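Residue numbers (the working numbering): 68 to 599. See structure below.
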Amino acid sequence: MTGARRRDRWAARSALLALSLLGADTAHAGGTLRIGNGPEPETLDPQRAEGVSAGNILRDLYEGLTAIAADGRPMPAAARGWVISADGRTYTFQLRDAARWSNGDALTADDFVAGLRRSVAPATGSAFAQLLRPIRHAVDVLEGRLPPEQLGVHALAPRVLQIELEAPAPQLLGLLSHQSTFPIHGPSLRAHGDGFARPGRLVSNGAYRLQNWIVQSQVDLARNPFYWNAARTAIDAVRYVATEDIHSEFKRYRAGELDVTYEIPPAQAQQIRRDFAGQLHLAPYLGVYFYGLNLTRAPFRDRPQLRQALSMVIDREVIAAKVLNGLALPAYGWIPPGTAQHRAQQPDWADWPYDRRVERARELYRAAGYSDTAPLDVEIRYNTHESHRRVATVVAAMWKQALGVRTRLLNEEFKVFLYKRRLRRDTQVFRAAWMADFNDPSSFLGILHSAHGKNDSGWADAAYDALLEHAAATADAGARAELLAQAEAKVLADAPVIPIYFYVSKHLVHPRVRGWTDNVLDYHYSKDLSLN
């Protein structure tokens, strides 16, 4: 350890000791917050994590340059402030002087440079690498023409980071709250390679540190004494509980074993509204539930008529109101309502009477080569979850009744499901969802770019890609919104995906939890909560 690093660590310990001895203004009250967290997180490597459950934990373990405020807007986090150049292409961030890693090492601009370079490096395989396309040279790095070291991010001083953009990107500050942009502790990565994100190895810079991980059970976090605002972190420990069975999760909540649920079972929504009215939090949420169609092989490759027919006969109102008991909004467009700078699009047939939709869908179905005597035989694949099973069962019935489609349902454990869907493309129709990484239409449109790591349908449309790239290079907000609206209209016309419903966040929150605030990104930082 260098003398400077030893002095930095000693200074951090001395500051914390001084706070405790002087009775500094503190929110510390202790206790353990127990959170239901959906499927088992696939990894706690911030550049490789994909699922919502992993993201929830990573926002406690790490801190980006920005975070998301209660009103959904970006706010200072590890960076105490920033300056934007007059042309909107250069952002200069000043890190907090007290920012440190969970082992006491100083957090530096180089750590953020390392994290951003790691995200765009093809070898990392980050599913979110495309988020960083606005950064100078990111596209060339992603496509292998330049090394990651050429990415337009620079440490101007130990606590000063500069990010250069190809064109103005108003979404950048929100994007920098996403886990793919989090810093990396270099010594840990060098010592453990890609296995650094495990208990006993993971060094993080957020309000909590990783204490324990029992697979398919729980992830335990402990308060990080070296966090720059540790004196105002009220909760000592956070336990994230894996809960794929939503009925079991509800039972655990009722038994007092959980303080917050991941969601609620739709079948019991009316009972929960009645019996837990003061604890049920329902709020708009920037997320879309959809069926992806594998366009890399039959039956959906080169058959847009078939894809449209299947979409047209899904009665989204029935699914939202009856199957999900009002815990969703019907989705005919791709981008949820409430998304900033969004000009909503939907297909013409969205306003047709259902009978007229079915009639037109049957014409398209026949044009695609199918009939009552030669029906489509297809499989819907989804990860194990009661709501996914219910939706798949109803969609299969709608396809059967309206078109005569024969449908098989296959459920799988989440990690197996992702592997089959993404790495092997061993799918036909697959359940999927997308939650916004930042409040902008590009967060949804970007995942259908031909080069995006989350484009599991395999859709590749040069005109669509060009619209996104043109929008990314457009400084005028109105012109950019129009380009993104054209891109959404193209998605709906070609139907590589079938949007089914828009999410609402739906959590039970125990009265002992203080500070919970609903927001459109459904981000909740444990450091901002307390227990009574």
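By construction, the Cβ of each residue, glycine as well, lies at the ideal position given by its N, Cα and C atoms. Everything numeric in this text was worked out from a predicted model, so none of it was measured.
Item: Own chain, CB closer than 7 Å to ARG417, minus 5 neighbours either side, in chain order; Value: The question names Arg, yet the displayed sequence has Ala at residue 417. Excluding sequence neighbours, ALA417 sits near TYR399.
Item: Outcome for GLN412 when other beta-carbon atoms lying within 10 angstroms are tallied against a minimum of 16; Value: buried
Item: Presumed contact (8 Å Cβ cut-off) between ASP558 and TRP419, rounded CB distance; Value: In the sequence as presented, Asp is not what sits at residue 558; that position holds Val. Not quite, the Cβ-Cβ distance comes to about 19 Å (not below 8 Å), so this is no contact.
Item: Close Cβ partners of PHE179 (< 6 Å) along its chain, the five nearest in sequence each way excluded; Value: LEU228 and PRO250
Item: Strand pairing of GLY98, partner residues [DSSP]; Value: Note: GLY98 sits in no beta bridge, so no partner.
Item: Cα-Cα separation, LEU470 to PRO566; Value: 19 Å
Item: Same chain, Cβ closer than 8 Å to GLN346, neighbours up to 5 away in sequence not counted; Value: LEU575, VAL576, HIS577 and PRO578
Item: Cβ pair ARG473, ASP439 closer than 8 Å; Value: no
Item: In DSSP terms, what ALA274 is bridged to; Value: Looking at the DSSP assignment, ALA274 forms no beta bridge with any residue, so it has no partner.
Item: Reduced DSSP secondary structure (H/G/I, E/B, other) of THR159; Value: strand
Item: Beta-carbon contacts of ALA428 that lie in its chain and below 6 Å, excluding the five residues immediately before and after; Value: ALA376, MET379 and VAL380
Item: Helix, strand or coil at ASN450 according to DSSP, with G and I counted as helix; Value: strand
Item: Chain-order list of residues whose beta-carbon lies under 6 Å from that of ARG265 (same chain, five-residue window excluded); Value: none
Item: Buried versus exposed call for GLU216 [16 or more other C-beta atoms within 10 Å across all chains shown]; Value: exposed
Item: Length of the line joining the Cα atoms of ALA289 and ALA234; Value: 41 Å
Item: Ranges of the beta strand (DSSP E) found wholly within the region 418-483, counting only runs of at least 3; Value: 444-450 and 473-479
Item: Cut-off 8 Å between Cβ atoms - residues of its own chain near VAL571, not counting five sequence neighbours on either side; Value: LEU349, ALA350, PRO351, TYR352, LEU394, ALA395 and LEU396
Item: Unbroken stretches of the beta strand (DSSP E), 3 residues or longer, contained in the region 480-554; Value: 496-502
Item: Option nearest VAL282 by Cα separation, candidates GLY323, THR191 and GLU311; Value: GLU311
Item: Start-to-end residues for the alpha helix (DSSP H) that takes in ARG319; Value: 313-321
Item: Those runs of the alpha helix (DSSP H) which lie wholly inside the region 228-266 and span at least 4 residues; Value: 239-242 and 253-259
Item: Length of the line joining the Cα atoms of ASP92 and HIS591; Value: Its pLDDT being 41, under 50, ASP92 is placed unreliably by the model, and the measurement read from it follows with that caveat. The straight-line gap from Cα to Cα measures roughly 23 Å.
Item: Three-way DSSP call (helix, strand, coil) for GLY211 in this model; Value: coil
Item: Sequence-distant residues of its chain with Cβ nearer than 6 Å to ARG488 (five each side left out); Value: THR494, PHE497 and ASP523
Item: Nearest neighbour of SER169, chosen from ASN291, HIS452 and ASP127 [CA to CA]; Value: ASN291
Item: N- and C-terminal bounds of the alpha helix (DSSP H) containing GLY192; Value: Premise fails: GLY192 is in no alpha helix (DSSP H) and is neither H nor E.
Item: Residue from TYR432, VAL462 and THR175 whose Cα sits closest to the Cα of GLY373; Value: The residue asked about is misnamed: residue 373 is Leu in this sequence, not Gly. Looking at the Cα atoms, TYR432 is the closest of the given residues.
Item: Beta-carbon proximity list for SER284, same chain, < 8 Å, skipping 5 on both sides; Value: VAL308 and ALA309
Item: Residue of ASP561, ALA530 and LEU325 minimising C-alpha distance to LEU550; Value: ALA530
Item: Assigned exposure category for PRO108 - 16 Cβ within 10 Å defines buried; Value: buried
Item: Exposure label - PRO332; buried when at least 16 CB within 10 Å; Value: buried
Item: According to DSSP, residues forming a beta bridge with MET142; Value: ALA134
Item: Beta carbon of ALA137 nearer than 8 Å to that of ASN586; Value: yes
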